[in-house]
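In my numbering, the protein residues as written are 5 to 564. We treat Cβ as the ideally placed atom computed from N, Cα and C, and that holds for glycine.
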Amino acid sequence: MESLAIDLTEDVITNAKMVIHLDVFTTDKQENSVKDLKTENPSRMWLNLLIEIFLRMPQTKSAIDEMIAECKFSYADNPAELKKINDFQANYAPTNAIKWYTYDCFLFRQFNKASRTKNIDALYKLRFFLIDLQNQLQELFKSQFNHTSPTFTVYRGQLIAPSELQKLKDNIGGLVSMNTYLSTTKSCAVASDYAGNGSGHPFIESIVFEIEVDVKKAIKPFADIQQVSIMKDEGEILFSIGTIFKIESVDEVLDNVWFIKLTLSEVEDEESKRLEDYFINQIGETSDLEILCNYLWMSGEGNHAVKYSKSRIKSGINDLTKKFGPSEEYFNPIEAMPGEKNYASAKKKRQEELKKSIGSLPASDPLVPILYNDAGIVSREIGDCSEALVYFEKALHWHEECLPNAFANIAIMYRNIAEVYECQGKYRTALKKYKTALQIQRQSKPLDYCRLAEIFRHMGDCYTMQNKLALALKFYHMTIEMSAKYLPKNHPTFAELQGALGDVYITNERYQDALKHYKKALSIAKKAFPMNHLDVLCYEEQIDDLKKFMELLKDEKLMI
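In C-alpha cells form, the structure reads like this:
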C-alpha cells in the first residue's frame, strides 16, 4: 500500500512537471511563416524584466507574510495543503528553497501556474520564494561549473499541444524559451517515461528533448540538484526561468513520439538583447515598488501600475507610523491617480503640504529648491500654470544664488519653465527658455545625452505648433541622433519620434512620407511592446486611417 502511494505521488509530480508553456521566437528578421512569433520577443523580454525586478527586491517579513496569506487563501478548502503551508511557515529556510520547489505541494503548483499564465499579481506575491530559489540555484551553479567544464547532455520528456509542436517544427534554427524553471534529467530513459508513448495524439503530443549544454554559453544558472531535491533518483538538472535554447532538429522517432534536439544558446536577437540590457541597467542592483510601477506603465499594464502605486503609498505611510507613531503631520502622498475621481483635489492637497514643508525650512537648505521644483510640477499638473512658474522661478533663483555652477540643475529649471510656457501655448517664449536650457546643459560635463535629447524634442514640438515645419523636422532628427547615443534602436522613444515626424509630414500634406514614418513607429513599437499595447494599437489605427484618406484623395483626383 505504501509503495502504491509513493507511485501515485510520483505520478502527480510527473504530470505537473509535464505542463509547461514554450515561447518560440526567431532571430530571422525576414521570417514570416508563423505570425505568432512576431509577438513572442517583446512578451518574453517584458516577462524577463519583471522577474529581474522581483529578484532585486528586498527580502522582508511582509513579503513572506504576503506569500503565506495568498497560499492559505488559495488552499482554504484543502486541509492537506494547509498543513504543508503551516510546515513551510514554521520550518522554511532559504537553503532548502529547491527542496520545497521539488516537493509535491502548493509552492510548485502556485509558482508554475503564475509563470505559465504570466500572472503579475501572483508572481509578485511569490517573489520571496522566487528570490531564494534563484539565489540557491546560482550558488549551486557557481560551485559545480566553470568555463572549463565539459559539454554535457540532458533530457526532458513532456506532453505539449499540437500547436506548440508545429511552432518548433516550423522554426528549426530559431530559439525557444520556457517561461518557468525547467527540470531535466541525465537519463534519456527517465525522460521517455515522462513523454509517454504517443497515445494522446492528435490531442496532445509526446516529446523528448535532448539538450546539449555548453557551460561556456551559460547566461542564466543551472545546476545538478540531486542532493537538495525531494526526488533523489532522477539525476535532475534544473535550469533557471527564461533560459534560451536553439532548436537544432525535430524528428518523429516512433509513431507520434517526437525527438527534439536543443542546444543551450548564449545569443538571441542582438537588438532585443541590447534593449533588455538597457532596461535592466535602468533597474539597478536593487528595486522597489516605484521601479515596478514604472515598468508596469512602460509595458502597458496601466491598471497594475495604479494598483502598485497605491500599495507603495500605503507601505510608506505604514513605515512612518511604525517608526514615529501615528501622526497627521506626515506627508500624505496622492491617493488618486490621473483620470481617477478626486485626482485634482488630491494634487491641490499635496501642493498645500509642499508649501507648508518649504515654510518650515531655512532658506539656504538644499531641500528647498527640490520642494520648489516638486511644487511647480504639481501646480503644472493641475493646470495652475501661473503658480507653477512662480515655484520654478524660485527654484531657479535659489540655484543661481547658491549653486551657480550646478549647470545640470539650472538647465532643468529653465526647461521646466519652458514646459509651462509650452503648455500655455506661448511657444516663442518657451523656445527662448529651451535655448537657454540647451546652452547651459552643454556646459555640464560629461554631456548628458538624455537631457539634451529631451530639449531637442520639446523644441521640435514648439516649432511644429508654430507651423515652422522645416525647423520641426530638423530638431526631431537631432533628437533621434542624440537619443541613438544612449538608447538601443528599438527603444519606445524612437517610435514616438517617428510618429512625431509622421505628424509633421501630415501637416505638410506629404502623406507618403507620413505613412513611411508611421510604419517605422509601428515596427519599433511591435519590437518593444506586446501586441495589445496601446501604442501598437494607436500606430496601427493611424496607418489605417491615413491609407483610407489617401485612397479618398486618389478617387477625388480621378473624378476630376
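What does a CB cutoff of less than 7 Å around residue i pick up in its chain, not counting 5 residues either side in sequence?
i, result
"Glu391", "Ser383"
"Met486", "Tyr453, Leu456, Ala457, Phe460"
"Tyr79", "Glu85, Leu86, Ile89, Phe110"
"Tyr467", "Leu475, Ala476, Phe479"
"Ile55", "Ile245, Gly246"
"Ile510", "Ala518"
"Thr497", "Ser487, Leu491"
"Ala118", "Ala126, Leu127, Leu130"
"Asp259", "Gly202"
"Ala67", "Arg131, Phe132"
"Asn512", "Leu473"
Label residue i either buried or exposed according to how many other C-beta atoms from any shown protein chain fall within 10 Å of its C-beta, with 16 as the threshold for buried.
i, result
"Thr247", "buried"
"His401", "exposed"
"Glu344", "Caution is warranted here: a pLDDT of 49 is assigned to Glu344, below 50, making its placement in the model unreliable, and the coordinate value is therefore given only provisionally. It counts as exposed."
"Arg131", "buried"
"Gly200", "buried"
"Lys250", "buried"
"Met417", "buried"
"Ile10", "The predicted position of Ile10 is uncertain, since its pLDDT is 37 and thus under 50; no value can be drawn from it."
"Met49", "buried"
"Ile176", "exposed"
"Glu294", "exposed"
"Phe243", "buried"
"Lys285", "The question names Lys, but residue 285 in the sequence shown is Asn. Its Cβ having fewer than 16 others within 10 Å, Asn285 is exposed."
"Asp388", "buried"
"Phe133", "buried"
If I measure Cβ to Cβ from residue i and keep anything under 8 Å in the same chain, skipping five residues before and after, which residues do I get?
i, result
"Lys551", "Leu519"
"His151", "Val219, Lys220"
"Glu333", "For Glu333, the predicted structure reports a pLDDT of 42, less than 50, and the residue's modelled location is therefore unreliable. The matter cannot be settled from this model."
"His403", "Pro373, Ala410, Asn413, Ile414, Met417"
"Ile208", "Leu163, Ile164, Ala165, Pro166"
"Glu560", "none"
"Ser191", "Tyr159, Glu238, Gly239"
"Cys427", "Arg384, Cys389"
In chain order, what residues of the same chain lie with their CB nearer than 6 Å to the CB of residue i, ignoring the 5 residues before and after it?
i, result
"Ala504", "Tyr480"
"Ala499", "Ala525, Ile528, Ala529"
"Glu74", "Lys129"
"Gly506", "Ala518, His521, Tyr522"
"Glu216", "Thr157, Thr267"
"Ser331", "Because Ser331 sits at a pLDDT of 42, beneath the cut-off of 50, its placement in the model cannot be relied upon, and the following sentence gives the value as read from the coordinates. The answer is none, since no qualifying residue turns up."
"Phe553", "none"
"Ser448", "Phe411, Ala412"
"Leu300", "His308, Ala309"
Alpha carbons only, please: which of the options is nearest the one belonging to residue i?
i, options, result
"Arg419", "Lys437, Gly387, Val261", "Lys437"
"Ala165", "Glu256, His205, Pro154, Arg113", "His205"
"Asn52", "Met535, Ile287, Gly177, Ala94", "Ile287"
"Lys129", "Asn139, Phe115, Leu141", "Phe115"
"Leu266", "Lys65, Leu556, Leu179, Gln428", "Leu179"
"Val372", "Gly387, Ile386, Glu385, Glu397", "Glu397"
"Gln93", "Trp104, Asn82, Ile72", "Ile72"
"Arg316", "Leu54, Phe58, Asp292", "Asp292"
"Ile223", "Ile211, Glu214, Ile245, Ile229", "Ile245"
"His308", "Gln502, Glu74, Ile124", "Ile124"
"Tyr376", "Val394, Ile386, Val194", "Val394"
"Ala415", "Glu214, Cys427, Gln443", "Gln443"
"Ile381", "Gly202, Ile421, Leu407", "Ile421"
"Gln516", "Leu538, Leu296, Ile547, Leu541", "Ile547"
"Val257", "Glu513, Glu214, Ser147", "Glu214"
"Leu137", "Tyr185, Lys449, Lys173", "Tyr185"
"Ile484", "Phe112, Gly464, Leu538, Ile68", "Gly464"
"Leu407", "Glu305, Thr106, Pro370", "Pro370"
"Ser147", "Arg120, Lys76, Ala227, Tyr431", "Ala227"
Is the Cβ of residue i closer than 8 Å to any Cβ of chain B?
i, result
"Glu270", "Here chain B cannot be found, since the structure has a single protein chain."
So residue i and residue j are supposed to be a Cβ contact under 8 Å. How far apart are they, rounded?
i, j, result
"Glu423", "His462", "7 Å"
"Val158", "Thr188", "4 Å"
"Ser196", "Gly239", "With a Cβ gap of about 14 Å, Ser196 and Gly239 do not count as contacting."
"Ile603", "Ile229", "In the structure as shown, the chain starts at 5 and stops at 564, and residue 603 therefore has no counterpart that could be examined."
"Asn494", "Ala532", "5 Å"
"Leu172", "Val254", "5 Å"
"Leu296", "Tyr312", "6 Å"
"Gln142", "Pro62", "Wrong, their Cβ atoms sit about 17 Å apart, outside the cutoff."
Complete runs of the beta strand (DSSP E) confined to the region 216-253 [at least 3 residues] = 226-228, 240-243
Secondary structure, alpha helix (DSSP H): runs of 4+ residues fully inside the region 106-162 | The qualifying runs are 110-121, 124-129, 131-148.
Contained alpha helix (DSSP H) runs [length at least 4] in the region 446-480, N- to C-terminal order = 453-469
Identify every run of the beta strand (DSSP E) within the region 488-564, keeping only runs that are complete inside it and at least 3 residues long; order them along the chain.
-> none
Which residue spans inside the region 391-445 form an unbroken alpha helix (DSSP H) run of at least 4?
-> 411-427, 431-445
In chain order, which alpha helix (DSSP H) runs of at least 4 residues are fully inside the region 176-204?
-> 192-199
Would you mind listing the alpha helix (DSSP H) stretches within the region 52-81 that are 4+ residues and don't spill past its ends, in chain order?
-> 65-78
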